[in-house]
Amino acid sequence: MRHITAAVSLFTSLVTAQDFLHYKFDSACTTEVINYATGPQAFAGNGTLQSNSTLSPFDTGAFGGCLAGGANVAPTYYNRVVSGWDPSAQPLTGDLTMAWFMRLRSGATVGTGLNYLLGAPSGGFRLFTNGVAGTGLLQREVLVSGGNSGARDFQLPAAATNVQALAAAGWVHLAMVVDSTAQTADWYVNGSSVLQLTGVPGAQISLAGPFTIGAYSVAATGAGSAYDIDEFLLSKRAYTAGEVLAMSLAPRAGDGDYTSGVVSQCGAGNVVLGSVGGAPSLGNPGYGLQVTSATPSLFLLLAGLDRCTFGGSVPLPLDGTPLLPLLNGCFIVTDAPVIVNGVTAAGPSVVPFAIAPGAPIGTVVYTQALGLELATLASSMSNGFATAVGN
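Per the numbering used here, the very first residue in the sequence shown carries number 3; after that it's consecutive.
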């Protein structure tokens with residue numbers, strides 16, 4: 003799903019490697035939640051929104067959109083994103099960074115019962131407030147050993163930070179960093195370390211999934227969270243204090259493919275769209291989009307700032323047949339005010355997309371490639387691809 007192959011911008015590639023999940027919750031028109039994680043170990047799939055709430059599952063976030071708290075009568079309702087990641091089949095061990103913004107949903111109340119922000123439904127891996135967590139947070143079953151509330155638990159006690167009070171006042175950024183080399187585990191609040199454990203061998207998440215955000219159970223009656231969540235990131239490396247601070251101040255760069263529910267495109271995957279050159283971080287001159295075709299083809303790269311409508315009014319995905327007969331069976335999944343053309347042999351072709359130091363941070367550009375095979379004039383449509391400019 004993610005490929006970083008360019009030799010240029012090697013530093014950027016190394017810095018962003020090992021990201022696993024990164025959700026921006028930026029498209030309210032679809033249940034497909036793009037995974038913007040970059041690096042060779044990114045989870046190969048997008049999240050799926052599930053909701054039984056009578057309120058919108060999305061809201062205005064710290065940056066762009068956010069996953070809205072589902073608890074209009076806590077904890078009966080949920081808005082949750084099911085990642086598809088099963089830690090028992092794909093364990094995460096050693097270094098770990100988990101970070102997100104949270105805010106109490108407008109009109110919601112936390113109550114006194116357990117309020118789950120995320121977790122996996124079997125074996126105990128879950129993050130919650132209330133109960134033994136008090137007004138702080140408690141992450142169950144995350145450390146190899148050396149926890150401060152049970153052998154494998156990592157708690158942010160209310161005495162260190164009253165998370166509920168901060169989130170009731172507005173957006174607060176939380177991060178948990180486990181460094182297996184330094185043998186430390188840190189809680190960060192708004193970019194500053196507020197609690198550190200020492201003598202911690204590392205993280206260990208290996209309990210049955212699927213991993214879920216906005217709740218920890220995927221049962222039909224599963225309890226939801228009262229908190230809005232934005233810019234959720236899970237990484238297989240220990241972020242530095244500077245990186246955590248940067249995440250608390252601005253959105254993180256990332257990219258990822260999407261389909262918007264189109265399960266079968268014309269050309270059956272003959273054209274694939276991805277990226278090279280690391281993450282689309284500010285000042286990365288080597289970033290580019292990569293069109294890969296199965297046969298020599300002409301291609302059009304469609305680009306826009308909207309994956310919900312075409313031309314601001316026609317809902318996406320859009321059957322391209324009425325626009326052009328050769329698009330029979332092809333579905334457009336991005337707006338396309340900008341179109342770039344090119345030619346690709348059987349294999350990859352790179353369209354440079356340098357990210358200038360002054361690029362507007364937080365901008366998301368949606369793209370899609372239309373291929374026309376030179377030998378047969380048959381059409382092929384790629385997946386959609388989202389590029390989010392960040393730090």
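Even glycine gets a Cβ: it sits at the ideal position worked out from N, Cα and C.
Between the C-alpha atoms of Gly280 and Ala255 there is a straight-line separation of about 10 Å.
Look at Glu34 here: in three-state DSSP terms it is strand.
Distance between Val316 and Thr323, taken at the CA atoms: about 14 Å. By the beta-carbon neighbour count (other beta carbons within 10 angstroms, threshold 16), Val345 is exposed. Contact check for Thr389 and Ser277: beta-carbon distance about 7 Å, within the 8 Å limit, so the pair qualifies. Two segments are said to touch when three or more pairs of C-beta atoms, one from each, lie closer than 8 Å; by this definition the region 100–111 does not touch the region 192–200.
Using a C-beta cut-off of 8 Å, the region 132–146 makes no contact with the region 46–66, since fewer than three inter-stretch Cβ pairs fall below that distance. Across the set Thr56, Ser262 and Phe127, the C-alpha of Ser262 shows the shortest separation from the C-alpha of Thr50.
In the three-state reduction of the DSSP assignment, Ala348 falls in the strand class, which pools E and B.
Contact between Ile357 and Gly244 fails: their C-beta atoms lie close to 20 Å from each other, not under 8 Å. Nearest to Ser55 by C-alpha distance, out of Arg107, Val353 and Val264, is Arg107.
DSSP places Ala305 within a strand segment (E or B) once states are collapsed to three. Every beta strand (DSSP E) of 3 residues or more that sits fully in the region 265–318 is shown, in chain order, as 273–278, 290–295 and 299–306. In the DSSP assignment, Leu168 is bridged to no other residue. Annotated three-state conformation of Val366 is strand, per DSSP. Your pair Pro350 and Gln292 checks out as a contact, with CB atoms roughly 5 Å apart and the cut at 8 Å. Contact between Gly386 and Arg309 holds, with the beta-carbon distance rounding to 6 Å and staying under 8 Å. Take the alpha-carbon of Val220 and the one of Thr214: they are about 8 Å apart.
By the CB criterion at 8 Å, Glu233 and Phe65 fall inside the cutoff. Residue nearest to Ala46 within the set Gly67, His24, Thr32 and Thr33 is His24 (criterion: CA-CA distance).
The bridge partners DSSP lists for Ser237 are Asp21 and Thr99.
Taking 8 Å as the cut-off, the Cβ atoms of Arg105 and Tyr229 count as close.
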